[in-house]
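Novice: Numbering-wise (our numbering), the sequence shown opens with residue 237 and increments by one.
Encoded as structure tokens, here's the structure I'll be asking about.
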Amino acid sequence: MADNTLNFDLDAPAVPTLTLDPTPAAVPQEEKPAAAPAPEAQVNLTPEEQAMVDQFAQKIDITNSQQVLQYGSACQKKIGDFSEAALSKVSTKDLGEVGDMITDLIGELKSFDANEEQQKGIMGFFKKKTSQLDALKTKYDKTETNVEKIQSMLEAHQVQLLKDIAMLDKMYELNMAYFKELSMYILAGKKKLADVRANELQQAMDKAKVSGLPEDAQAARDLADQCERFEKKLYDLGINESDMYLHPDYDTWTIFPWRKHQNAQTARLICSVYCADNETPFLGDPRNVLQKVMNEAAEMGYSFNVGPECEFFLFKLDEDGNPTTTTGDEGGYFDLNPIDHGENCRRDICLALEEMGYTIEASHHEVAQGQHEIDFKFDEVMTSADRVMTFKHVVKTYATKHGLHATFMPKPIYGINGSGMHTNMSLMTKNAEGKTINAFYDSESEDGLSEVAHYFIGGLLKHVKGIAAYSNPTVNSYKRLVPGYEAPTYIVWSASNRSCLVRIPAARGMGTRVELRCPDPTCNPYLEMALCLAAGLDGIKNKIVPAPAVDYNVFDLSNEELEERGIDCLPGSLEEAVKASEADPFVKETVGEHVFNAYTEGKKAEWDEYRTKVSQWEIDRYMVNY
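Structure, rendered in structure tokens:
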């Protein structure tokens, strides 16, 4: 009978190996060539490991169907077998016996009462029976014996536990090596695939085009199909990357007030995502994207504070509980009259947020009927982004409790103002005395703004068209960004002009801030704020001076006047925004290739779906007339 026991050499070095053999076996060490440029990796590779990837990529034969089918299977088997083996080797996984003994001991101690047999009255003291003392002594002896037994067992378990901990540490090290090994398979495969497509496939296609022969065309198609099959295999291997780690940010822990008084309470705890090695931040996590830019700012001596202004609509529900676009109120901007059906809902939202640690600075009815705004206090950028995410959840929860529907859709109703998320930003730094100051403020300048502030604005204006796909990420976003509804569309700045894209509110000193007015609440706050910060830092590093501030109403200018004054505008559609992001290398550099590629692909699909769908407007307009 075959021996199915899983054996792992815990004394073996925890190093990855690569092989085209489907069975787990180490390949002989060969002389390694110099490392060549490799695709972006989510694991930290040593120069030797990178050289191993480059060398292994040369051995891969995409045209070999059997090799493609079994590619990476050796590593997958090791990972699959390892968990079972690890658990089987833990000797102290069951300490139930000791636990039972401790429980019994506690019961004995609770019943240990030296006075339990004492008789009443003065004479009773002298009349205690000897048997009573004997009973107490028996109890004492039994308890002492059990304590000693438990102590002995715990000491034995302690020794074994230390051994198990050492073994588990080694197992963890081996497991991380296996996951790195899998990542190296993927990297080598991607490198080979890119080489084949750039060289062999391109040559085959060129040959078919020149010769015009059917057999050459078929050969090119076959190679293209083989590339696609191998790419799918790499994707299937990458599914294993779903085994990742969450690193909780304990400062984000808070209990939801609406569940606080029920038997089962619910809390919020926000985490960052890390790769399988538990050390490398996952490149697809927007929180990690923001942290990367924050680290860059810190190296330049800055911290970044943000205050978002979140707007939303409250709509009635129909008889089936589905949302409508009926508001049910006649309220206007900052209206205090009791004609706003969302007033009570908005108050409950604010009370809940305050209980969760928010400092609410403003809560009011906005311009449009059914439109509301709640502003919370400035804070460092990661905290503010986290709070935006939770804010949306709280708003929707309390809207439902009030029989309403809350939406952050930028433009839910034609002909009225849409909802934005103006982003107020400040850079903080230290002066010569080590005191925290606002880097945007200069008391001696004419406008109260420092040189750093002007450079920051310059960077924002330079990159804002590329940022738009992230700050205004939906098809509907661009139906808000049209003239006439207080939404900024022109790439200019001013100290107080609300028709400008970037506005500098009147506050100075520590309250000096730059307000970007185009973002809307459908955006991912981590990506949007990361791009805003990175754009501002780029302006500072490269000393990008913005054009002079604009003090007139840009909305009143004709297209000819705009062109004469060199005033550019934001993209007019999601399609244009995506193209602008692709045209500005800064965007991909900031969010990373992983996020950029996935995000761009998703937005192109969203636009294509919108472009090909038939709307009710088209039916109403054309069905009868044509």
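Ideal placement from N, C-alpha and C gives every residue a C-beta, glycine not left out.
Which residues in the same chain as GLN454 place their Cβ atom closer than 6 Å to its Cβ, once the five residues preceding and following it in sequence are excluded?
Specialist: The count along the sequence shown starts at 1 and reaches residue 454 at position 218. Nothing meets the Cβ criterion.
Novice: Could you give the first and the last residue of the continuous alpha helix (DSSP H) run that contains ALA765?
Specialist: Along the sequence shown, one-based indexing puts residue 765 at 529. The question names Ala, yet the displayed sequence has Met at residue 765. It spans 761-777 - the alpha helix (DSSP H) in which MET765 sits, taken as one unbroken run.
Novice: Where does the unbroken alpha helix (DSSP H) through GLN438 begin, and where does it stop?
Specialist: To locate residue 438, count along the sequence shown from 1; it is residue 202. From DSSP, the alpha helix (DSSP H) with GLN438 extends over 438-447.
Novice: Name the DSSP bridge partner or partners of PHE627?
Specialist: Along the sequence shown, read from residue 1 onward, the residue named residue 627 stands at position 391. Looking at the DSSP assignment, PHE627 forms no beta bridge with any residue, so it has no partner.
Novice: Determine whether the beta carbon atoms of GLY694 and ILE780 lie at a separation below 7 Å.
Specialist: Here residue 694 refers to the residue found at position 458 of the sequence shown. Here residue 780 refers to the residue found at position 544 of the sequence shown. A contact, by the Cβ cut-off of 7 Å.
Novice: So for PRO544, helix, strand or coil by DSSP?
Specialist: Walking along the sequence shown from the start, residue 544 turns up at place 308. Strand at PRO544.
Novice: Hey, how far is the Cα of ASP756 from the Cα of GLU555?
Specialist: Working through the sequence shown from its first residue, we reach residue 756 at position 520. Working through the sequence shown from its first residue, we reach residue 555 at position 319. So the two alpha carbons sit approximately 30 Å from each other.
Novice: Using CA coordinates, which residue listed in TRP489, THR381, PRO648 is at the minimum distance from THR561?
Specialist: Here residue 561 is taken as the residue at index 325 of the sequence shown, counted from 1. Measuring from the Cα of THR561, the nearest candidate turns out to be PRO648.
Novice: Verify whether the separation of the beta carbon atoms of PHE614 and GLY557 is less than 7 Å.
Specialist: Looking up residue 614 in the sequence shown gives position 378. Looking up residue 557 in the sequence shown gives position 321. Not closer than 7 Å, so no.
Novice: Between ASN861, TYR677, THR665, which has its C-alpha nearest GLU535's C-alpha?
Specialist: Position 299 of the sequence shown, counting from 1, holds the residue named residue 535. Out of ASN861, TYR677, THR665, THR665 has the C-alpha closest to the C-alpha of GLU535.
Novice: Check for me: the beta strand (DSSP E) holding LEU752 runs from which residue to which?
Specialist: Here residue 752 refers to the residue found at position 516 when the sequence shown is read from its first residue. Per DSSP, LEU752 belongs to the beta strand (DSSP E) from 750-752.
Novice: Counting along the chain, where does the beta strand (DSSP E) carrying GLU609 start and finish?
Specialist: Residue numbering aside, residue 609 sits at position 373 when the sequence shown is read from its first letter. Counting along the chain, the beta strand (DSSP E) containing GLU609 begins and ends at 607-612.
Novice: Tell whether a beta-carbon distance below 7 Å holds between ASP452 and ALA444.
Specialist: Reading the sequence shown from its first residue, position 216 is the one you call residue 452. Reading the sequence shown from its first residue, position 208 is the one you call residue 444. Against a cut-off of 7 Å, the Cβ pair of ALA444 and ASP452 comes out as a contact.
Novice: Out of LEU449, CYS754, GLY684, ARG847, which has the shortest C-alpha to C-alpha gap to ALA743?
Specialist: Taking the sequence shown and counting its residues from 1, the one referred to as residue 743 is at position 507. Looking at the Cα atoms, GLY684 is the closest of the given residues.
Novice: Does DSSP classify SER817 as helix, strand or coil?
Specialist: Here residue 817 corresponds to residue number 581 of the sequence shown, with the count starting at 1. If DSSP states are grouped into helix, strand and coil, SER817 belongs with the helices.
Novice: Do ILE506 and LEU470 have their C-beta atoms within less than 7 Å of each other?
Specialist: Numbered from its first residue, the sequence shown carries residue 506 at position 270. Numbered from its first residue, the sequence shown carries residue 470 at position 234. In this structure, LEU470 does not lie closer than 7 Å to ILE506 by Cβ.
Novice: With DSSP collapsed to three states, give me the class of PHE791.
Specialist: The count along the sequence shown starts at 1 and reaches residue 791 at position 555. Three-state DSSP puts PHE791 in a helix.
Novice: Among LEU640, GLU590, LEU810, ALA813, which residue has its Cα nearest to the Cα of CYS581?
Specialist: Within the sequence shown, numbered from 1, the residue matching residue 581 stands at position 345. The shortest Cα separation from CYS581 among LEU640, GLU590, LEU810, ALA813 belongs to LEU640.
Novice: Only counting the same chain, and skipping five residues up and downstream in sequence, which positions put a Cβ closer than 6 Å to that of ASP844?
Specialist: One-based indexing of the sequence shown puts residue 844 at position 608. Closer than 6 Å at Cβ, skipping near neighbours: no residue.
Novice: Is THR561 helix, strand or coil by DSSP?
Specialist: For this step, residue 561 is matched to residue 325 along the sequence shown. THR561 falls in the coil class under three-state DSSP.
Novice: Looking at the secondary structure, which residues open and close the beta strand (DSSP E) in which ARG433 lies?
Specialist: Here residue 433 refers to the residue found at position 197 of the sequence shown. It is not in any beta strand (DSSP E) - ARG433 carries neither H nor E in the DSSP assignment.
Novice: Along the chain, where does the beta strand (DSSP E) containing ALA287 start, and where does it finish?
Specialist: Within the sequence shown, residue 287 is the residue found at index 51, counting from 1. Taken as a continuous stretch (DSSP letters only), ALA287 belongs to no beta strand (DSSP E), being part of the alpha helix (DSSP H) at 283-295.
Novice: Between which residues of its own chain and GLU764 is the CB-CB distance below 6 Å, once the five residues before and five after are set aside?
Specialist: Residue 764 sits at position 528 when you count from the first residue of the sequence shown. Excluding positions up to five away in sequence, the list reads TYR706, SER707, PRO755.
Novice: Mind checking which residues open and close the alpha helix (DSSP H) that includes ARG857?
Specialist: If you number the sequence shown from 1, residue 857 lands on position 621. Per DSSP, ARG857 belongs to the alpha helix (DSSP H) from 852-858.
Novice: Quick one: give me the first and last residue of the beta strand (DSSP E) that ARG739 is part of.
Specialist: Against the sequence shown, residue 739 aligns to sequence position 503. Its beta strand (DSSP E) spans residues 736-739.
Novice: Could you give the DSSP three-state label for TYR307: helix, strand or coil?
Specialist: Here residue 307 corresponds to residue number 71 of the sequence shown, with the count starting at 1. Three-state result, TYR307: coil.
Novice: Anyone know if the C-beta pair for ALA813 and PRO807 falls short of 7 Å?
Specialist: Looking up residue 813 in the sequence shown gives position 577. Looking up residue 807 in the sequence shown gives position 571. Yes, they are a contact pair.
Novice: Kindly identify the DSSP beta-bridge partner or partners of TRP729.
Specialist: The residue given as residue 729 occupies position 493 in the sequence shown. Its beta-bridge partners are VAL738.
Novice: Taking only the alpha-carbon atoms, compute the straight-line gap between VAL226 and LEU773 and give it to the nearest angstrom.
Specialist: Outside the shown range of the chain (237 to 862) lies residue 226, about which nothing can therefore be said.
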